[in-house]
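According to full-length UniProt numbering, the stretch in the sequence shown is residues 1 to 308, in order.
These notes are about the structure you will find just below.
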Amino acid sequence: MRWEKMGLIYGPDGSLPWAHSHAMLPTPIQLSPDVVRVFVTCCDSLGVGRPGYVDISSKDPLKVLRVSQTPLLDVGKPGTFDENGVAACSVVRMDDGRMLMYYAGFELGTRIRYRLLTGLAISTDGGESFVRHSQTPILERTADELFFRCGPYCIQDAGLFRLWYIAGSAWAEVDGKDMPIYDVRYAESEDGLHWPSKGEVQMEITDPDEHGFGRPHVSKKADGTYQMFYSIRRRSLGAYRLGYATSVDGRHWQRMDKQLNLDVSPTGFDSEAIMYAVPFEIGGETYLFYNGNNFGSQGFAVARLETA
């Protein structure tokens, strides 16, 4: 693969109190023939995240048409699993018009830095607002996945809801700072609401330089095979890089990271890190939405797949 970086699409200008910085975890859907809606998570001045959206043109992905003025979902009540942030990770459009948003909820810890668990919110107005399915996570902590059941990416496939997510039960010191240890796991559900207490490990930490993966994005290709874009956190680099894998069934993956060929730039918003990539087809072209330095503090960007 060869990619042409096209630059930043959108980053908050600080005029909205809930969107002081960041446009993390870009998650696009085709809203209409002319409009692609990209769900993102922005941060307030305290670094607390809430989801919003950026509508862009199907003819020109760099052209912003509309930006949500209010968050799609606020943080949870004090003491709940998402009291300190909500990060949208995937959106599933249902046949009845509803949209299911799977998100990571942030809860600060005392003996550990934080916990991340998966919640679900539902929209009945075309993605203009979302309401919690419950005040408790749909991926609650378990003995096998104690601190992290997050980074969810869900698709409907063969009559099932299929979910790839991040899970772990450990921390490690990296350059003097406690950092989470987690791998990629997989689970299935008949209704998208109820999930098993433990997922199948899809991609585990085997390289001593790696200590975690970021939100996986899985899509089914025209030939029936699957591809996964994910982020890799390396000890030697101190920040995320992108990874790529393929599978014949969505459950057994072959890592092909070097074939992705998309890395940091010499300077600019993605000179130190690159992460949270999502491919999306617009007008016969394949684009990749992604974040750069500091988890997308300056916004989200796009690259175009070169075909010649």
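Where a beta carbon is used, it is the ideal one built from N, C-alpha and C, also for glycine.
For clarity, every value in this text was computed on a predicted model and none was experimentally measured.
Per the DSSP calculation, residue i is bridged to which residue(s)?
i, result
"Trp18", "None; Trp18 has no bridge partner."
"Ala143", "None, per the DSSP bridge assignment."
"Leu100", "Val92, Ile122"
"Ser57", "Val35"
"Thr206", "Beta-bridge pairing links Thr206 to no other residue."
"Pro28", "Val38"
"Pro51", "Thr41"
"Ile282", "Glu285"
"Ala187", "Leu163"
"Ile181", "Ala170"
"Phe148", "Leu116, Gly168"
"Ala23", "The partner list for Ala23 (beta bridge, DSSP) is empty, contrary to what the question assumes."
Which of the three DSSP states, helix, strand or coil, is assigned to residue i?
i, result
"Phe161", "strand"
"Gly119", "strand"
"Phe295", "helix"
"Trp195", "coil"
"Leu46", "coil"
"Ala277", "strand"
"Val75", "coil"
"Lys63", "coil"
"Asp69", "It should be pointed out that residue 69 corresponds to Gln in this sequence rather than to Asp. Gln69 falls in the coil class under three-state DSSP."
"residue 321", "Because the chain spans 1 through 308 in this model, residue 321 falls outside it and cannot be assessed."
"Arg2", "coil"
"Phe269", "coil"
"Pro137", "coil"
"Ser129", "coil"
"Arg111", "coil"
"Glu83", "coil"
"Glu200", "strand"
"Gly7", "strand"
"Gly105", "strand"
Please go through the same chain and pick out, in chain order, the residues whose beta-carbon is closer than 8 Å to the beta-carbon of residue i, but skip the five residues on each side of it.
i, result
"Val36", "Pro28, Ile29, Gln30, Asp55, Ile56, Ser57, Ser58, Pro61, Phe280, Ile282"
"Asp209", "Arg234, Arg235, Ser236"
"Gly214", "Gly151, Ile166, Tyr230, Ser231, Ile232, Arg233, Tyr240, Met275, Tyr276"
"Val278", "Pro26, Thr27, Pro28, His217, Phe229, Leu288, Phe289, Tyr290"
"Lys77", "Glu83, Gln135"
Identify, in the order they occur along the chain, each residue of the same chain with its Cβ nearer than 6 Å to the Cβ of residue i, setting aside the five sequence neighbours on each side.
i, result
"Met101", "Ala88, Val91, Ala121, Phe130"
"residue 326", "The structure shown does not extend to residue 326, since the chain is modelled only from 1 through 308, so no value can be given for it."
"Ser197", "Thr142"
Spatial neighbours of residue i within its chain, please: C-beta separation below 7 Å, excluding the five flanking residues on both sides.
i, result
"His211", "Ala172, Val174, Met179, Ile181, Ile205, Arg233, Arg235"
"Tyr114", "Phe106, Glu107, Leu108"
"Ala170", "Ile181"
"Asp270", "Val264, Gly292, Asn293, Ala301"
On the three-pair Cβ rule with 8 Å, is the segment 60-79 touching the segment 153-163? no
Quick check: the segment 179-186 against the segment 136-143, are there 3 or more CB pairs under 8 Å? No, because fewer than three Cβ pairs between the segment 179-186 and the segment 136-143 fall closer than 8 Å, the two stretches do not touch.
Three-pair Cβ contact test at 8 Å for the segment 230-246 versus the segment 102-111: no
Length at least 3, wholly inside the segment 210-266: the beta strand (DSSP E) runs in chain order: Considered as a whole, the segment 210-266 harbours 210-220, 226-234, 240-247, 253-255 as its complete beta strand (DSSP E) runs of no fewer than 3 residues, in chain order.
Could you check whether the segment 124-132 touches the segment 146-157, counting it as contact only if at least three pairs of C-beta atoms, one from each stretch, sit closer than 8 Å? Cβ pair count under 8 Å is below three, so no.
Below 8 Å, how does it come out for the segment 242-254 and the segment 295-306: are there three or more Cβ pairs, yes or no? no
Does the segment 250-267 come within contact of the segment 9-23, defined as at least 3 CB pairs closer than 8 Å? no
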